[in-house]
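Below: the structure, in structure tokens.
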Amino acid sequence: MAQSDLDTAKAVLSWLLCAQRRLDYEEFLAAALTIPDEPVTTEQILQICRNLVVQGASGSFDFAHLSVREYLETRPEYKDRQPDVLVAKKCLELLESSTLEDTLGPYASIYWLQHCSGLIMEKRLAGVVERLFSDKGENEMFRMWSIIANRAADALDWDSEARRRLRDTGYNPLSVACVFGFPKVLTQWVNTQPPEYSYLRETDDMVVHLAIKWGNVDVVRLLLQKNGQSAFDNFGLTPAFWAAFFGHQPVLEVLKQLDGCLDAEDDMGWTAWNWMIAIDHMEGLRDLLKVNTGVSMIDQIGWTILHWAAFLGREVQARQLIAAQHKLDAKDNEKRMPFELAAFMRYEETAALLRIGEPSIGSTLGYSGTSLEVMIS
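Oh and the sequence shown: position 135 is 229 in the numbering used here, straight run, nothing missing.
As structure tokens, then:
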């Protein structure tokens, strides 16, 4: 088989393996093009990829059987995101040559970000990305891309991941780098501005929380390497809260490595553990407990996390905390154990789960202690 046919076959199979959506007929022919000005025909694709690829009723192409995909994913040339490398190269070539208005342009304008994110790119292609973000995105290349991508995104389903990601960026260069995970281009912000600037974009939203939302651990590490414990958003919420809320345990692992980030307290003195219990987020609490049990965390009134679960009647979370070795007999500043708070609030099942020993004076429903009066007023 001629080298040109081998290149075409690899392009066809790579696009079928990793395309973020089904390409229509014209788009697929453009994607399969490997030699400029030498169009690829349907007959060529079906002949070169016979027994592997078929043409559907809509005119586009697909694998002949699910087993074809399964087989290809075991092959060295299609493992370790090799198809993404080929597709990213095609998309960046369109971006570099300002031909995003061409047949494959709308696809490339939206999805080059996903294909490039986390890739180790060859020097020339990495240079294209660097030029796109040069001068912090204040350049014609970024401006034209954002216009075309914004227009192309209108054709996507409202709740599709690609549209939600682009919507989160606001087509702001700093936000784009955080949402899609390009830590290298962020150095021009982090290294040339005070650390606080790296947390914010023009709308005062926390770009680090965008990186957390989409699970980009390298970006999170870069942005929070200095003063990360003070990275509160407009609501006073911490990075650890958002990592637990969005279910990104790897991000929580990164926050654990950064001094003061995982157990940071907000303006109310609450940690992420307190919040996961307050909003009844069982999965978020589970992820936090896997990274740090929080057994030693005590607030200003002496409440442990288990005290909070008891006070709010969170029986399931209380079981999670007990399994993580939280102490049933821990006493707050007024000598109350968790089960006493549950009993006071009339959470009978939670109190029964937590009960240990005899209740102390003041744990009955007529308790007159100031702390509880304040909490339930």
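Note that CB positions come from ideal geometry on N, CA and C, so glycine has one too. If you're wondering where the values come from, they're calculated on a predicted model, not measured in any experiment.
How would you write the range of the alpha helix (DSSP H) that residue i sits in, first residue to last?
i    : result
Q141 : 136-142
Q343 : 343-351
F329 : No alpha helix (DSSP H) contains F329, which DSSP labels as neither H nor E.
Q208 : 199-210
Y119 : 119-126
F339 : 333-339
N368 : 366-372
S254 : Unbroken run through S254: none, as it is neither H nor E.
E164 : 160-166
I399 : 399-405
Starting from residue i, follow its DSSP beta bridges and name the residues at the other end.
i    : result
D357 : D357 pairs with nothing; no bridge assigned.
Along the chain, where does the beta strand (DSSP E) containing residue i start, and where does it finish?
i    : result
F155 : 155-157
For residue i, name the three-state secondary structure that DSSP assigns.
i    : result
N181 : In the sequence under discussion, the amino acid at residue 181 is Val, which differs from the Asn named in the question. If DSSP states are grouped into helix, strand and coil, V181 belongs with the helices.
Q149 : strand
M238 : helix
E232 : coil
F227 : coil
G378 : helix
R116 : coil
V410 : helix
R261 : helix
K173 : coil
E195 : coil
K278 : helix
K217 : helix
V273 : helix
D312 : helix
L107 : helix
P432 : helix
T444 : helix
D99  : helix
I395 : coil
L422 : coil
E190 : helix
V222 : helix
A249 : coil
L415 : helix
I306 : helix
So, for residue i: in the same chain, excluding its five sequence neighbours on each side, which residues have a beta-carbon less than 6 Å away from its beta-carbon?
i    : result
V313 : C272, G275, P277, A305
N310 : G275
A124 : T197, L198
G150 : D156
P453 : Below a pLDDT of 50, predicted positions are generally treated as unreliable, and P453, at 48, falls in that range; the measurement from the model is reported next regardless. So the list reads E434, once near-sequence residues are dropped.
E442 : none
R257 : A247, L250
F122 : S154, F155
W367 : L382, G388, I399
Y291 : Residue placement at Y291 is flagged as unreliable, the pLDDT there being 44, under the threshold of 50; the coordinate-derived value follows with that caveat. The answer is none, since no qualifying residue turns up.
L180 : S108
Enumerate in chain order the residues of its own chain whose CB-to-CB distance from residue i is below 8 Å, with the five nearest sequence positions on each side excluded.
i    : result
L189 : A202, S203, W206, V222, L226, M235, W239
R295 : Summary for R295: the model assigns pLDDT 49, below 50, so the residue's position carries little reliability, and this model does not support an answer.
L111 : R163, L166, E167, Y172, P177
M410 : Note on residue identity: the sequence assigns Val, not Met, to residue 410. So the list reads M376, once near-sequence residues are dropped.
T102 : A126, T128, V134, Q138, I139, I142
I242 : L194, E195, G199, P200, S203
Enumerate in chain order the residues of its own chain whose CB-to-CB distance from residue i is below 7 Å, with the five nearest sequence positions on each side excluded.
i    : result
G363 : D393, Q394
L316 : P277, L280, V284
Q282 : K230
L118 : Position check: residue 118 holds Asp in this sequence, whereas Leu was assumed. Excluding sequence neighbours, D118 sits near S154.
A412 : L400, A403, A404, T444, L447, L448
F339 : H375, G378
A337 : I306, V345, L346, L349
I450 : L422, D423, M431, F433
L331 : D360
Q343 : D381, K384, V385
F335 : A366, W369
N145 : A158
Touch test, the region 209-216 against the region 174-193, Cβ-Cβ under 8 Å, three pairs minimum
yes
Are the region 401-419 and the region 436-450 touching by the rule of at least three beta carbon pairs closer than 8 Å?
yes
Below 8 Å, can you find three or more Cβ-Cβ pairs linking the region 107-118 to the region 158-176?
yes
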